[in-house]
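Residue numbers (the working numbering): 1477 to 1861. Worksheet: one structure, shown below.
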Ligand code: SAH
Ligand code: SF4
């Protein structure tokens, strides 16, 4: 055990990832089973440990009350820690949205957002019909920063710092649920993987996190949505998954020419190639693909653009809906927001052509928690916990 560990949690938080410590949060049942075998204890101890990590949300080995003290001490002495990322800062918006900085053991932070009334991203897919009064949504990050470089996105300005491990992705969810005293199974929760980063450029860890959240934490994959900027090899792998979230594609433009200007990734994979890949995903009954469309004033929000989206959607011939997102401004970005009338007209144009279209309400704009604004804004003065 490193000296001083018992006395100072913040030391662990701030310390660089020490090779001597090993993180338990993030290990799946099979990995936990092999681990307990190394300590020559029966397999049921692995189930107790995963209960503690993923259902009781313990933060320290000492809290694993089903284990004898000696076993906890053996793991501790071997350098094992729970190691779930922790909320180190929280900002609350006037609309109830909360944005958190969540720190990993190397001191790096990601951002995670809690939206108590959802973000309307689920509208139109049938799931809202259940009339749940509680439709909280957590927006989860998959990378620190992002390499994709969409011109309208604040996260892009960070560049890519590093991938998150499965435990760091699932850990955001568990840390937020614990803070909110959420009862999985009793209350309804939606997860959107739409925070910092491109999930399909961190595919293995992202999917491992999904499996942990489904199999261990107990959240249904039908309550999860992953958004991608259109990473074709990722979509093709996703199409093979048995357990998977719903899929959203950041379309953001009616054609490759406009899209290349705002999303340089289009030069690698054209809209048609993305749609062809999406077509390989076997959909569940009633499931729709979401096309996200950030409206940028004068760039992609004209009536003629809406008409082109209609043609594109018809040609795609997939069960789909369009989520229109009003662009959230940020420093250093040379775009402007579409006015309300333009947004309404765009939506109307799609709807009157039979394409379901919804406007995603901006959430937590005052604390930079809204879409594309997940960048660490330390200069931000907007309030504290
Ligand atoms: N990297 C993934 C998921 C995170 S971004 C992706 O791009 O799909 C989630 C959504 O936020 C995307 O649809 C993206 O187009 C949108 N977005 C990015 N910056 C935005 C901004 N400034 N205002 C509104 N939406 C934005
Ligand atoms: Fe990355 Fe998504 Fe932002 Fe594009 S919109 S830079 S893919 S996080």
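Glycine included, C-beta positions come from ideal geometry on N, C-alpha and C.
Contact test: residue i Cβ vs the ligand SF4 heavy atom, cutoff 8 Å
{"i": "residue 1674", "result": "yes"}
{"i": "residue 1629", "result": "yes"}
{"i": "residue 1632", "result": "yes"}
{"i": "residue 1751", "result": "no"}
{"i": "residue 1615", "result": "no"}
{"i": "residue 1741", "result": "yes"}
{"i": "residue 1586", "result": "no"}
{"i": "residue 1625", "result": "yes"}
Other residues of its chain near residue i: CB distance less than 7 Å, five sequence neighbours each side excluded
{"i": "residue 1501", "result": "1529, 1558, 1559, 1560, 1643, 1647"}
{"i": "residue 1813", "result": "1773, 1802, 1803, 1805"}
{"i": "residue 1784", "result": "1730, 1731"}
{"i": "residue 1826", "result": "1782, 1785, 1786, 1798, 1833"}
{"i": "residue 1538", "result": "1548"}
{"i": "residue 1422", "result": "Here the chain comprises residues numbered 1477 to 1861, so residue 1422 is not present and cannot be evaluated."}
{"i": "residue 1736", "result": "1742, 1743"}
{"i": "residue 1792", "result": "1751"}
{"i": "residue 1755", "result": "1794"}
{"i": "residue 1535", "result": "1558, 1560"}
Cβ-heavy atom distance, residue i to the ligand SAH, below 8 Å
{"i": "residue 1666", "result": "no"}
{"i": "residue 1704", "result": "yes"}
{"i": "residue 1726", "result": "yes"}
{"i": "residue 1864", "result": "Since the displayed the chain opens at 1477 and closes at 1861, residue 1864 lies outside it and no answer follows."}
{"i": "residue 1756", "result": "no"}
{"i": "residue 1770", "result": "yes"}
{"i": "residue 1765", "result": "no"}
{"i": "residue 1517", "result": "no"}
{"i": "residue 1823", "result": "no"}
{"i": "residue 1849", "result": "yes"}
{"i": "residue 1808", "result": "no"}
{"i": "residue 1637", "result": "no"}
{"i": "residue 1802", "result": "yes"}
{"i": "residue 1670", "result": "yes"}
Neighbourhood of residue i by C-beta distance below 6 Å, restricted to the same chain and skipping five residues each side
{"i": "residue 1511", "result": "none"}
{"i": "residue 1849", "result": "1630, 1804, 1806"}
{"i": "residue 1503", "result": "none"}
{"i": "residue 1568", "result": "1574"}
{"i": "residue 1719", "result": "1690, 1697"}
{"i": "residue 1627", "result": "1738"}
{"i": "residue 1684", "result": "1642"}
{"i": "residue 1693", "result": "1530"}
Close Cβ partners of residue i (< 8 Å) along its chain, the five nearest in sequence each way excluded
{"i": "residue 1771", "result": "1777, 1800, 1801, 1802, 1803, 1813, 1814, 1818, 1819, 1822"}
{"i": "residue 1746", "result": "1732"}
{"i": "residue 1688", "result": "1502, 1504, 1530, 1642, 1643, 1646"}
Within-9 Å CB hit, residue i to chain B
{"i": "residue 1590", "result": "Absent from the structure: chain B. Only one protein chain is present."}
Alpha helix (DSSP H) segments (min. 4 residues) lying fully within the segment 1519 to 1594: As far as the segment 1519 to 1594 is concerned, its whole alpha helix (DSSP H) runs of at least 4 residues are 1520 to 1530, 1545 to 1553.
Contained beta strand (DSSP E) runs [length at least 3] in the segment 1665 to 1701, N- to C-terminal order: Counting whole runs of 3 or more residues, the segment 1665 to 1701 contains the beta strand (DSSP E) stretches 1665 to 1669.
Cβ pair count under 8 Å reaching 3, the segment 1755 to 1770 against the segment 1789 to 1799: Contact between the segment 1755 to 1770 and the segment 1789 to 1799 is present: 3 or more CB-CB pairs across the two stretches fall below 8 Å.
The segment 1818 to 1836 in contact with the segment 1579 to 1588 per 3-pair CB rule at 8 Å: No, they do not touch.
Any 3 or more C-beta pairs closer than 8 Å across the segment 1609 to 1625 and the segment 1664 to 1677: Segment contact: the segment 1609 to 1625 against the segment 1664 to 1677, three or more CB-CB distances shorter than 8 Å; contact assigned.
Complete beta strand (DSSP E) runs within the segment 1747 to 1798 (minimum length 3 residues, chain order): Given a length threshold of 3 residues, each whole run of the beta strand (DSSP E) inside the segment 1747 to 1798 is given here in chain order: 1765 to 1771.
The segment 1517 to 1526 / the segment 1653 to 1665 touching (three or more Cβ pairs under 8 Å): No, the segment 1517 to 1526 is not in contact with the segment 1653 to 1665.
Continuous alpha helix (DSSP H) assignments of at least 4 residues falling wholly in the segment 1706 to 1738: If we require 4 residues or more, the alpha helix (DSSP H) runs fully inside the segment 1706 to 1738 come out as 1708 to 1714, 1732 to 1738.
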